[in-house]
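Undergrad: Here it is: the structure, laid out below.
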Amino acid sequence: MQSIREKLKRKLSLHDKNPNLDEEFDPEDVDEETCGHLHREIEKAEEANEPLGRPGTFLNRLISHGNLKTEKQIAAEHEALKQQAVSKENQKPQASST
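For the sequence shown, position 51 (counting from the first letter as 1) is numbered 53 according to our numbering, and the numbering increases by one without interruption.
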């Protein structure tokens, strides 16, 4: 497991310090050892009825990161909709009372 972490750290540190892992996914560039490890963790989590993986595991961190990213995206979309509603409200003509 430590060798996998070191390998990932080396691979990620060569480029951007905050890489966007969603871009440029190459299916041929899958580390079979990591993939196998994740599958075992998934099976153990399912057996233990842990939907987010066992606490502290690599799987748990991956799921938590994905959930956090999704929550931020939803919050940003909600904020954009709120801003649109406010701008539409401000553009409505005011009724004059004469």
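Don't be surprised by glycine CBs; every beta carbon is placed ideally from N, CA and C.
All values derive from a computational prediction rather than experimental measurement.
Taking residue 54 and residue 66 to be in contact with their CB atoms under 8 Å, please state how far apart those CB atoms are, rounded to whole angstroms.
TA: Going by Cβ atoms, the distance from residue 54 to residue 66 rounds to 7 Å, so yes, they are a contact pair.
Undergrad: Do you know offhand how far residue 62's Cα is from residue 79's?
TA: Going from the Cα of residue 62 to the Cα of residue 79 covers about 26 Å.
Undergrad: Could you compute how far the alpha carbon of residue 37 sits from the alpha carbon of residue 72?
TA: Their Cα atoms are separated by approximately 23 Å.
Undergrad: Please state whether DSSP places residue 55 in a helix, a strand or coil.
TA: Note: residue 55 maps to coil in three-state DSSP.
Undergrad: With DSSP collapsed to three states, give me the class of residue 50.
TA: In this structure, residue 50 counts as coil in the three-state DSSP scheme.
Undergrad: Which same chain residues end up closer than 7 Å to residue 47 when comparing Cβ atoms and leaving out the 5 residues on each side of it in sequence?
TA: Cβ within range, chain order: 55, 56 and 61.
Undergrad: What are the boundary residues of the alpha helix (DSSP H) that includes residue 84?
TA: Element bounds for residue 84: 60-93.
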